[in-house]
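Residue numbers (our numbering): 1 to 63. Take a look at the structure set out below.
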Amino acid sequence: MKQIKNVKVPNEILSNPNKLMMFWYLLSQSSRNGELESWIETHGEDKVLNLIVDHVNQSSNLT
Numbered sequence: 001m002k003q004i005k006n007v008k009v010p011n012e013i014l015s016n017p018n019k020l021m022m023f024w025y026l027l028s029q030s031s032r033n034g035e036l037e038s039w040i041e042t043h044g045e046d047k048v049l050n051l052i053v054d055h056v057n058q059s060s061n062l063t
């Protein structure tokens, strides 16, 4: 299993507890079911983390 050592989380996520909770939830769920490792191998760590951040931002705009 690949370990992500330094996760760069944007301030907009860090400053919002709901966004931060959603970010870590998505990261942990995708890691737990094995998708995260596959995504990182295919697209690279930075792109995958950016996609998760984008998803969090889009989801929070819906509420």
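Note that the Cβ used here is the ideal one computed from N, Cα and C, for glycine as well.
Selected residue, minimal CA-CA separation from residue 10, among 61, 38 and 52: Taking residue 10 as reference, the option from 61, 38 and 52 with the minimal CA-CA separation is 52.
Going by DSSP, what residue range makes up the alpha helix (DSSP H) through residue 87? Because the chain in this structure spans residues 1 to 63, residue 87 falls outside the shown range and cannot be described.
Do you know offhand how far residue 38's Cα is from residue 31's? Their backbone Cα atoms lie some 9 Å apart in a straight line.
Spatial neighbours of residue 16 within its chain, please: C-beta separation below 8 Å, excluding the five flanking residues on both sides. Setting aside the 5 residues that flank it on each side, residue 16 is surrounded in the same chain by 60, each with a C-beta closer than 8 Å to its C-beta; the list follows chain order.
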